[in-house]
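**Student:**
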Amino acid sequence: MTGRAASKGARARLRSHFLANIGRKMDSEELRVVAGNISEWARRVRELRTEEGYQILTHNDLSELKPGEYILMSPKPIPAFERAISKETRAFVLDRNGFTCQQCGAVAGEPHPYDPSRKTRLQIGHVIDKTQGGSDQPSNLRALCSVCNEGVANLTLDRPSLTKLLVQVRRATASDQLEVLKWLKTKFPKD
Ligand SMILES: [Zn+2]
Numbered sequence: 005m006t007g008r009a010a011s012k013g014a015r016a017r018l019r020s021h022f023l024a025n026i027g028r029k030m031d032s033e034e035l036r037v038v039a040g041n042i043s044e045w046a047r048r049v050r051e052l053r054t055e056e057g058y059q060i061l062t063h064n065d066l067s068e069l070k071p072g073e074y075i076l077m078s079p080k081p082i083p084a085f086e087r088a089i090s091k092e093t094r095a096f097v098l099d100r101n102g103f104t105c106q107q108c109g110a111v112a113g114e115p116h117p118y119d120p121s122r123k124t125r126l127q128i129g130h131v132i133d134k135t136q137g138g139s140d141q142p143s144n145l146r147a148l149c150s151v152c153n154e155g156v157a158n159l160t161l162d163r164p165s166l167t168k169l170l171v172q173v174r175r176a177t178a179s180d181q182l183e184v185l186k187w188l189k190t191k192f193p194k195d
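Residue numbers (the numbering used here): 5 to 195.
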């Protein structure tokens, strides 16, 4: 077997192992054995993330993981279109959206509001879905956190209308209303 074929085989074994163990954390020892005891097992795991788009999380993404631990939360890889987006376009869209998920409001790097054990990692999604004729132009792109992009929160987290939002704020406790005010002041310091 050539080196290239061997590395493809290792990557394929790691891929099936991750897919068979969704949601279970694995350590480097286990992954090294799965990869066939090759020293480049970590590079193959990285390729599954960068070349195939699998969202394999590490301690950089999830506070409950120790260094050297990995977990795949969803069998759905990030679509090829997103991996093809240039660094410049990605930076432009994230900056325009204030590094905030446009669906649930989670902020990049902060604990996710619906799963505080996860750090919010932003991805790029479409405003109008491709299946409905949306394009890959920056005007049709938006920041979405990995949780929303996985579709977990899709049904309940539509952007609220102003009327709905005001009703919710008026119904909240005074202390929660003060928290909202504090947050608005930090968001709009000049207004
Ligand atoms: Zn989100």
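All residues carry an ideal CB built from backbone N, CA and C; glycine is no exception.
Of all the options Val-171, Asp-195 and Ser-78, which has the alpha carbon lying nearest to the alpha carbon of Ser-20?
**Tutor:** Residue 20 sits at position 16 when you count from the first residue of the sequence shown. Among Val-171, Asp-195 and Ser-78, the Cα nearest to that of Ser-20 is on Ser-78.
**Student:** Report whether the distance from the Cβ of Ala-110 to the nearest heavy atom of ligand 1 is below 7 angstroms.
**Tutor:** Here the question's residue 110 lines up with position 106 in the sequence shown. Answer for Ala-110: yes, Cβ within range of ligand 1.
**Student:** In terms of residues, what are the limits of the alpha helix (DSSP H) holding Leu-76?
**Tutor:** Reading the sequence shown from its first residue, position 72 is the one you call residue 76. From DSSP, Leu-76 is part of no alpha helix (DSSP H) but of the beta strand (DSSP E) over 73-76.
**Student:** Alpha carbon to alpha carbon, how far is Gln-59 from Trp-45? Give it in angstroms, no decimals.
**Tutor:** Position 41 of the sequence shown, counted from the start, is the residue given in the question as residue 45. Position 55 of the sequence shown, counted from the start, is the residue given in the question as residue 59. Approximately 17 angstroms, taken between the alpha carbons.
**Student:** Compute the distance between the beta-carbons of Arg-28 and Asp-65, then report whether it is under 8 angstroms.
**Tutor:** By 1-based counting over the sequence shown, the position of residue 28 is 24. By 1-based counting over the sequence shown, the position of residue 65 is 61. In this structure, Asp-65 does not lie closer than 8 angstroms to Arg-28 by Cβ.
**Student:** According to DSSP, is Ala-176 part of a helix, a strand, or is it coil?
**Tutor:** One-based indexing of the sequence shown puts residue 176 at position 172. Note: Ala-176 maps to coil in three-state DSSP.
**Student:** How many angstroms separate the CA atom of Lys-186 from the CA atom of Glu-154?
**Tutor:** Translated into positions along the sequence shown, residue 186 becomes position 182. Translated into positions along the sequence shown, residue 154 becomes position 150. If you take the alpha carbons of Lys-186 and Glu-154, they lie about 31 angstroms apart.
**Student:** Tell me which residue opens and which closes the alpha helix (DSSP H) that Arg-125 is part of.
**Tutor:** Taking the sequence shown and counting its residues from 1, the one referred to as residue 125 is at position 121. First-last for Arg-125: undefined, no H or E at that position.
**Student:** Alpha carbon to alpha carbon, how far is Val-184 from Pro-193? Give it in angstroms, no decimals.
**Tutor:** As a first step, residue 193 must be located in the sequence shown, where it is residue number 189. As a first step, residue 184 must be located in the sequence shown, where it is residue number 180. Rounded to whole angstroms, Pro-193 to Val-184 spans 14 angstroms at the Cα level.
**Student:** Classify Asp-31 as helix, strand or coil using the three-state DSSP reduction.
**Tutor:** Reading the sequence shown from its first residue, position 27 is the one you call residue 31. Here Asp-31 sits in strand by DSSP.
**Student:** Taking 8 angstroms as the cut-off, decide whether the C-beta atoms of Pro-142 and Phe-85 are in contact.
**Tutor:** Counting from 1 along the sequence shown, the entry for residue 142 is found at position 138. Counting from 1 along the sequence shown, the entry for residue 85 is found at position 81. No. Outside cutoff.
**Student:** Check Leu-166 in the structure and name its three-state DSSP category.
**Tutor:** Start at 1 with the first residue of the sequence shown, and residue 166 comes out as number 162. Reduced to three states, the DSSP call for Leu-166 is helix.
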